[in-house]
Amino acid sequence: MNGLLATLKRICSERDGRLGLAFTLAILVFALVGPLVSPDPNAIDIKARFAAPGLAHLLGTDNLGRDLLARTSVGTRYALTLAVLIVVISSIIGSLIGIVAGIAGGWVDRAVTAVFDIVNAFPPLILAFALIALYGKGSATFVLLVTVVFIPQFGRMARARAQTLRNLSFIEAERMLAVHPVTIVVRHYLPNVAGPIIVLASMNLPVVIAFEASLSFLGFGVQPPKSSLGTLIKDGFISINQSWWPTVAAALVLAIATLGATLLGEALRRVIDPKTAGVR
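To get our numbering, take the position in the sequence shown, counting from 1, and add 30.
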């Protein structure tokens with residue numbers, strides 16, 4: 031807990047860190063509190079369709095008269111949930127695969143590296159399109175398939191760190207003492223891989239948020255009746271000549287969310303720099 035507070039204090043000591051934290055907290059509050067103070071996001075009121083922002087509807091309404099504050103808030107929460115799930119799952123799986131490859135070496139390392147190279151050879155959006163077209167749409171499928179796209183980044187980071195640690199004297203000493211490999215991994219590899227992986231995860235979060243919004247905008251991500259920021263921008267863009275506020279509201283929230291996560295990730299990278307992190 032003291033380490034977490036110290037890290038937070040160091041982040042807040044930088045202007046970028048303070049801005050990133052403020053933007054991120056604002057988005058989180060909007061996502062969590064919005065549904066409590068706004069009407070049902072799926073309630074249709076044809077008489078109020080395309081209503082401009084006002085007291086009755088702070089962000090206006092869409093083509094079906096649905097309250098945009100409620101829909102944008104729910105869409106933000108859904109988009110953030112998907113992004114966090116993708117980053118967490120890809121970081122865990124990628125780290126474990128990378129550590130195993132870095133420790134094992136030989137054909138295992140070559141095979142894992144080859145798979146990572148194949149995945150990285152395709153542009154992320156094209157690879158995501160292909161996987162979703164092959165396995166179908168749906169939130170669970172979407173999370174798992176997009177996770178595959180981001181696993182190699184974490185795997186390469188963990189592999190490089192594991193290779194650095196593998197031949198150190200204290201690791202070899204524990205092997206000679208017949209310490210169980212799992213114990214060695216938990217005691218030495220995981221603590222030293224965690225720092226760089228956390229930094230990479232924080233840097234990838236805004237990328238995944240924008241990536242999910244792009245796929246949803248193109249119809250490959252979140253499917254109706256669920257909504258995310260990408261689907262809200264797409265729905266608003268269709269009727270932008272009649273009303274600009276549906277698109278602007280979701281786009282502004284998306285911009286603030288990605289900017290906040292980017293600034294916070296940069297600040298965290300400077301606090302926990304993998305190049306200067308010592309081996310314990």
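Glycine included, each C-beta is placed from N, C-alpha and C at the ideal position.
- For glutamine 183, the uninterrupted alpha helix (DSSP H) segment begins and ends at 169-196.
- Of the residues assessed, serine 43 falls on the exposed side of the cut-off, its CB having fewer than 16 other CB atoms within 10 angstroms.
- Taking each of Trp137, Ile119 and Gly64 in turn and checking the Cα distance to aspartate 97, the smallest one comes out for Gly64.
- By the 16-neighbour rule on beta-carbons within 10 angstroms, leucine 35 is exposed.
- For aspartate 75, the three-state secondary structure derived from DSSP is coil.
- In the three-state scheme derived from DSSP, where H, G and I count as helix and E and B as strand, aspartate 97 is classed as strand.
- Looking at Thr143, Ser103, Leu88 and Ile122, the one whose alpha-carbon comes closest to that of alanine 131 is Thr143.
- Between the segment 74-85 and the segment 236-244 there are fewer than three inter-stretch CB-CB distances shorter than 8 Å, so the stretches are not counted as touching.
- In the DSSP assignment, threonine 91 forms a beta bridge with Asp97.
- Secondary structure at glutamate 44: coil, using DSSP grouped into helix, strand and coil.
- Inter-segment contact for the segment 144-154 and the segment 197-215 is absent: fewer than three beta-carbon pairs are separated by less than 8 Å.
- In summary, lysine 39 is exposed, with fewer than 16 beta-carbon neighbours lying within 10 Å of its beta-carbon over all protein chains present.
- Where glycine 260 is concerned, the enclosing alpha helix (DSSP H) starts and stops at 259-268.
- With a threshold of 16 other beta carbon atoms within 10 Å, leucine 298 meets it and is buried.
- The C-alpha of tryptophan 275 is placed about 39 Å away from the C-alpha of isoleucine 122.
- Check the Cα spacing between aspartate 139 and each of Ile270, Thr277, Asp46 and Arg189: the tightest is with Arg189.
- In this structure, the beta-carbon distance from phenylalanine 53 to isoleucine 286 falls below 8 Å.
- The three-state reading of DSSP puts histidine 218 in helix, counting H, G and I together.
- Nearest Cα to valine 278 within the set Gly266, Asn271, Thr288 and Leu289: Gly266.
- Distance from the CA atom of isoleucine 162 to the CA atom of leucine 282, rounded to whole angstroms, is 27 Å.
- Secondary structure note for asparagine 150: its alpha helix (DSSP H) is the uninterrupted segment 136-150.
- Between glycine 90 and serine 273, the CB-CB gap stays under 8 Å.
- Your pair tyrosine 108 and serine 232 does not check out as a contact, with CB atoms roughly 21 Å apart and the cut at 8 Å.
- Closest in alpha carbon position to valine 215, among Leu155, Gly136, Ile129 and Arg186, is Ile129.
- If you ignore the 5 residues before and after leucine 115, its C-beta comes within less than 7 Å of the C-beta of Val173, all in its own chain and listed in chain order.
- Counting along the chain, glycine 251 sits inside no alpha helix (DSSP H), nor does DSSP assign it H or E at all.
- Under the DSSP assignment, serine 199 falls in the alpha helix (DSSP H) whose first and last residues are 199-206.
- Counting along the chain, the unbroken alpha helix (DSSP H) around valine 278 starts and ends at 275-301.
- Excluding the 5 residues flanking it on each side, alanine 158 has same chain C-beta neighbours closer than 8 Å at Leu175, Val176, Val179, Phe241, Leu245 and Phe250, in chain order.
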